[in-house]
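See below for the structure under consideration.
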C-alpha cells in the first residue's frame, strides 16, 4: 500500500497530496516534487516516440533507498504519483497500475462535479476516500 | 599447449571447450595450427536446449591430449573441464600396420570412452600422396582402410569417420576435404553441447526442485548454475550466461522476501551473520575468486553474495556493451541490499552500510568510466547521476556520523567510530593499490579530516548537481543544492547556503509547493538573520508570519521579530520598506458615494477592506494611500464622465488569491477587460470627430498564456521593496489596529481640485517598518468635478396647453456657484406668455443625493418688462426647484403683429405656430430669456405649448339669406366646457348676427367638435367682406367659472352676397307627362342676376365691356357625375350676363335619363369666364379655343380653383393681384369659380321622376 499519493496540475503545482501521518510530510513533499523531474522526462520521451497510443502509466519513476515512486499522467497532463515503501515488495506493477486507474477514475468524477473549479485543490470526500483506501492503514 | 590441462579454471574468457586428441600425436601437431585457426572461421547455427532461440555461434576448441583422467567421473558436475569431443588421429594406410597396432589402440580408446559413457568421438584419417607412393607395393586401396575402420568402429555411425586429404597442400582437393572435416567437427561439437548441456540442465533443474527439502543449500546450487553460466560465457553466449545469474539473483531475492514473510530456510542463516566487512563491490576482476570460494564454502555474507553476483552480472553486461544497465542495476542493488539487510535484521555497524554503498557507487562509476569514453559518459549522465547523488548522500551521512560536518573538531567518540568504520574496509585490494583515485582511498581520505571531507563532499555534490542540471532535472539539482545549503549552515557559512536556498525557493514558488516553500523559507530566514540582512530578514519574517503552514507559535515568533525591530528607536531616517502583500491584502475598496465622483469640496469616503495575514492584531501608526492627481480638462462634464469610468459602481474587488496556499495562475483570475469610451472632439468647436472604445489593459489580456510559464504569485521570492512615493495628496488614517482577518478602514478622500485622483500605493507604517503595496491593481480612482450652474425649465406635465394657466418647473443646479442673498433671476416678459402672479411660490433646495435641505418662499416682482425672482441662498452643488404658472395666449387666427423687441434688445421671435408630427395639436414655441446672476449671458429657453382647439368656419346661404357656421374641434386630450359662445362683426354696425345657439355651456369632449350657427341679417346692403371674431370661454371640465379662459378665433368672409340664382327644370318630352328612361328631355337652366354690379366685379370685368352694355361673361356647365344622365349636344356654354339686377338668362340643354326612378338633377356649374388679355388678343379664335379645349380648361379651372381657394383662405388681399399676374402670365382665357355664397342653386338636390320605357322590356335570363 502507498505511503503517499499526490496529484499535480498540468503546471506542476499540487492539486492533492496526502501522506501517511506517521511519517514526515515534508519529506514526501520533497520526494514527490523531485519526482516531477522524471515525470517530465518520461512524458517528453513518450511524446517523441508515439503520438496517440500513449501509455498513461509511467512506471517506476525512480527508486530511493526507502521508497519507490510511481508515476501516471492523464491526457490532460494531470499527474499522479504514488509513493510506496521500498520494503513493501508484495506490490506488483499491475497493482500499482490498478491503483492509478482507480485514482484516475475518481479524479474524473471530481472534474465532473460542476462545483469543482478545474485547477483548484481537490477537496472531494470521495476522492479522499479512494486515496485512504490505497494508503497504508496504520493503527 | 597440451600441458594446459593442469591449469585451474579461473580465466573464463580464455576457456574453450575441451577436445581430446588420441592416436598419432605427431600428425595432430602438424595439423594443429591450421585446425585451431580454421575451426572458428565459419559460424554454425546452434539450436540450444529448452527452446532457446537458434543462434549463430563461432566455435573454438582447446585441443588437449587424450588422458583417461580427463573424462569426468561419476557425479562430477563440472562442465568447464568436460571434454565435449574425442578425436582419434591416424594416417595409417598400411593394412598390416592397422591390424597390428592402430586397431588395437583405437579399440582401447573406444573402450575407455565407452566406460565413461561418452559417445562424442570421431576418427580422422589423414591421407597424403607421399605415403601412398612410398608403400606402393603392399598398398591396399585407400578406401579399404577407411572401410575397414568404418566397419570396425562405426557400424552404425558412418559419419564418425572422416578422411582428410593432403592437408598440407594447396589444392582444391585439400581445401574441400578440410572444409568437410571442419563442418563435421563443428556439427559434432554442437551435438555434444546440446546433448551434454541438456543433460546438465536437467540435473540442475532437478536439484532446484529439491530446494524445499531440508538440507538443500543455495550455495551448492549456486555453484551448479554458475557452471552453466560459465559454459555459456565460454561459448560467448553472454546473454544466456546473464540469464543464469539473473535466475540466481531472483531465487535469492525470493528467499529473502519469504524470510521476511516468516518462511525461513536453514541455509539462509549464514547470510544473516553480522556484517563485518563492507569493502564494497569489486568489479575489476572477471571473477572474484575470493568471494566465490567463500560462497562455495557457505561462508559468504549477504553482501559478499550480492557483490559477487553483481560483479558477474556487471562483467557480462559490459561484454554485452550495456554499461548503462550496469548503473541502473547497481542503484537497484544498493537500495535492495540495504532493504534486505534490514529485512533479515542483520546487525550492521552504524555507517558501515553507508561506507559500502559509497564505495560501491564509486566502484561502479569507475568501472563504467573504464569502459566508456568521456563523451559517452557525458551523454549518459541520466544513468550515472543517480549513483553520484546516492554517493553524495551517503558521504554526507557518514560525515555527520563521524562529526565531520560541523564547525568544531570531531570528538574522540567520533574518531573511534571512524576507526571502526575504516577497519571494516579491510586492506585495499591489489588491483587498485596503484590508483590514486580509488574509492577506497577516497573514503579513507574523506573520513580522515574535516577539510578533506568537505573537499570530497563538495566535489561530489557539485558533480551531482551539474549532472542533474545537464539533463534538465532541475528539481533534483535544487534538492541537492538544498542539502548542500544545509551542509553550509552546519559549517557556519550562511552566505553560501542562501544562494542554494534561494534557488530552491524560486522553484517551489514558481510551482506552488507550499510546504517545501515554507520549510525553505524558514531556512532562508535563519541565513538572513545570521547574515544580518535586516531588511530581507524582516521581509521573510513577514512572509512566514503570514504562512498558514506554520504553527501559530512560529508565526507569532516571526511576527515578534518584526515588531521588535519596529520598536527599536534606531535611526529614524532609516525605515525598512517591506511588501504589503505579505502583511495584509487589499480585498475590496468601496467608495461612498458609490459613483466615486464628487464635486469639488464634496465629501468622499473610501473604505478599504484589508485582510491582515498576521497571527495577532497589529497596531499601525499610519495607513496611507498615495494619490496620483491629474487635472481634469473635461470641464463641466465631470459627473457623467466619472460615472462612465467606474462601471462597477463604487466597489472594487481585488482578487489576489491565497498567498499561503500559493495557488498559481490557473486559479488566479484573468484580468477583466477594461474599456473606456474615447471621444475625439475638434478643438475649435467641440464637435465630435470620432468616437470609439479603447481597451486599456491589452498588454495584460493579449499576453500569451504559456501553459508552463511560472505562475504569477502574490508572494514572490523576495518581494521587491518599493520606496513609498511621497505624493502631494494622500489618504491617511492614523492609529489603526488590524485584527487578523478582514478589517475595514475608512479614509476621507481629498476633493479640493477638480480632476481625477488615482490611488497608487498603499503604505502601512509600524514603527520603523513600512509595508508598501507598490501599486493598486486594478487601478482605482475617483473624480472630483466642478460644474457650471445650470438652469432648466420644463413643463410640470406634458403637454403644455396654450390658453390655460400651466405650471412650469424651474430647476437650478447650482454647481460651483453659491446663490447669495439678493441673487435674482430676471425673466423678460413676453406678451404672448405672461407669468401669472402667484401667492405662494416655494423653492425646494436639495442636495445632490436628493435630500431635502430646505424650503423657502420666493418673492416674485413683476415690472412692465421684467419679472424678477429673488432666489433664496443656496450652497453649491445643490438643486433648487420651484414652479411658476404661465399662460400662453392663443394667437387669434390670422392676426400678425409686427416684430417687436424684447426688453433686453433681442428681436422677439414671434411664437410661430406649427403642426407637430406627434400630435394633432398645433404647437407654439415660446422663448424665454432669463438673466442669471452667475453669467453675463442670458439663458434662452424654449417652451412648447399646444393649442387645444382647431376652429373652422363656413358660410352657408339660402337664397339671399346668409348663415355663418363655426366648428370648434377639441384636439387635445382634455375635456372642456365651452361657454359664452359669441360671434361679432366689427366693421359693419348695421349688421346683426342672430345666434341659433341655445345652450350657454357646452361640453366639448376630447376629439369631439361643437358647431355654432348664426344668421347674418342686414339692413341696407350686405357688405361683401365680413370681419368676424368668434369668441368663447373655455375651461377644463368640472372647474368653476373663474377658471374660464377666453378663446378667440378671427376670420374673414369675402364675397358674401349672392350674385346669381340658378334654377333648373327638367321638362318631359312633349306629349309625355313624365320623363321616361331613354327619352331626351329638356333641361332648362335659368340664371338670374340678383344684384347690381358689385365693386369687386367691376374691377374684374370692366375691360370686357366692348359694346357699352355692361355684361359679364359666365360659363355654365352641365355635368352628371353619377352617370344618371346623358347630356346630348352641348353640355357647356358661355352666357353674357347684363349687370343689371334680375337679368335672366335661360339655357336649354338636352339630356337623357339613363335610369328610371327619382333621379337627382345633373349638376349645373356656373363659373366666371375671364378672357385672355390684350397681350394675347392675336390668338385667332378664342371661342373655338374655349369650346375645343373645354375639357382641358375645366381641368385647369379645377386646379385654379384649389389654388385660389387656398389663397383666399389665407385672407390675403394680394391673392387677387397675384391671380391677375398669374392670368397675365398664362395669357389664356380662364375660368374662375364663384365664392360659395355667390351663386345659389335653387334646384340643388332636386329630383325628377323618370319612368321606365313602356316598350321593349328586354330581360336577359341566363340559366346555368
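Protein chains in written order, with UniProt numbering: chain A, 1 to 139; chain B, 1 to 1264.
Just so it is clear, CB atoms sit at the ideal spot from N, CA and C, and this is done for glycine as well.
Between residue i and chain A, is there a C-beta pair that is closer than 8 Å?
i                       : result
residue 339 of chain B  : yes
residue 344 of chain B  : no
residue 312 of chain B  : no
residue 19 of chain B   : no
residue 473 of chain B  : yes
residue 1267 of chain B : Any answer about residue 1267 of chain B is impossible in this case: the structure gives chain B only from 1 up to 1264.
residue 479 of chain B  : yes
residue 180 of chain B  : no
Taking the beta strand (DSSP E) that residue i falls in, what are its first and last residues?
i                       : result
residue 984 of chain B  : 976-985
residue 755 of chain B  : 755-766
residue 349 of chain B  : Premise fails: residue 349 of chain B is in no beta strand (DSSP E) and is neither H nor E.
residue 1030 of chain B : 1025-1036
Please tell me whether residue i and residue j are closer than 8 Å, where the distance is taken between their beta carbons.
i                       : j                       : result
residue 731 of chain B  : residue 596 of chain B  : no
residue 193 of chain B  : residue 79 of chain B   : no
residue 1126 of chain B : residue 1152 of chain B : yes
residue 943 of chain B  : residue 800 of chain B  : yes
residue 769 of chain B  : residue 565 of chain B  : yes
residue 1086 of chain B : residue 1055 of chain B : no
residue 486 of chain B  : residue 524 of chain B  : no
residue 81 of chain A   : residue 6 of chain A    : yes
residue 607 of chain B  : residue 744 of chain B  : yes
residue 190 of chain B  : residue 91 of chain B   : no
residue 852 of chain B  : residue 846 of chain B  : yes
residue 39 of chain B   : residue 197 of chain B  : no
residue 248 of chain B  : residue 317 of chain B  : no
residue 1232 of chain B : residue 1167 of chain B : yes
residue 977 of chain B  : residue 966 of chain B  : no
What residue does the alpha helix (DSSP H) around residue i start on, and which one ends it?
i                      : result
residue 497 of chain B : 494-511
residue 539 of chain B : 534-545
Quick one: is residue i near chain B, going by C-beta distance under 8 Å?
i                      : result
residue 74 of chain A  : no
residue 25 of chain A  : yes
residue 7 of chain A   : no
residue 36 of chain A  : yes
residue 98 of chain A  : no
residue 106 of chain A : no
residue 132 of chain A : no
Give me the chain B residues within the contact set of residue i, using Cβ-Cβ distance strictly less than 8 Å, ordered along the chain.
i                     : result
residue 63 of chain A : 331, 332 and 335
Going along chain B, which residues have a C-beta under 7 Å from residue i?
i                      : result
residue 124 of chain A : Within 7 Å Cβ-Cβ: nothing; residue 124 of chain A doesn't reach chain B, min ~16 Å.
residue 12 of chain A  : 511
residue 89 of chain A  : 257
Check the Cβ of residue i against every Cβ in chain A and list those closer than 7 Å, keeping chain order.
i                      : result
residue 303 of chain B : Within 7 Å Cβ-Cβ: nothing; residue 303 of chain B doesn't reach chain A, min ~15 Å.
Counting only Cβ pairs nearer than 9 Å, list the residues of chain A close to residue i.
i                      : result
residue 516 of chain B : 26, 29, 30 and 33
residue 519 of chain B : 26, 29 and 30
What in chain A is Cβ-close to residue i, meaning under 8 Å?
i                      : result
residue 386 of chain B : 62
Secondary structure, beta strand (DSSP E): runs of 3+ residues fully inside the stretch 554-589 of chain B: Listed in chain order, the complete beta strand (DSSP E) runs (minimum 3 residues) inside the stretch 554-589 of chain B are 576-579.
ask   = What are the complete alpha helix (DSSP H) segments, minimum 4 residues, inside the stretch 441-480 of chain B?
value = The qualifying runs are 450-470.
Discussion item. Runs of 3 residues minimum, wholly inside the stretch 105-130 of chain B: which ones carry the beta strand (DSSP E) assignment?
Written reply: For the stretch 105-130 of chain B, whole beta strand (DSSP E) runs of length 3 or above, ordered along the chain, are 121-127.
Contained alpha helix (DSSP H) runs [length at least 4] in the stretch 15-76 of chain B, N- to C-terminal order
You should have 25-38.
Original post:
Which ranges would you report for the alpha helix (DSSP H) in the stretch 763-806 of chain B if only whole runs of at least 4 residues count?
Top reply: Listed in chain order, the alpha helix (DSSP H) elements of length 4 or more contained wholly in the stretch 763-806 of chain B amount to none.
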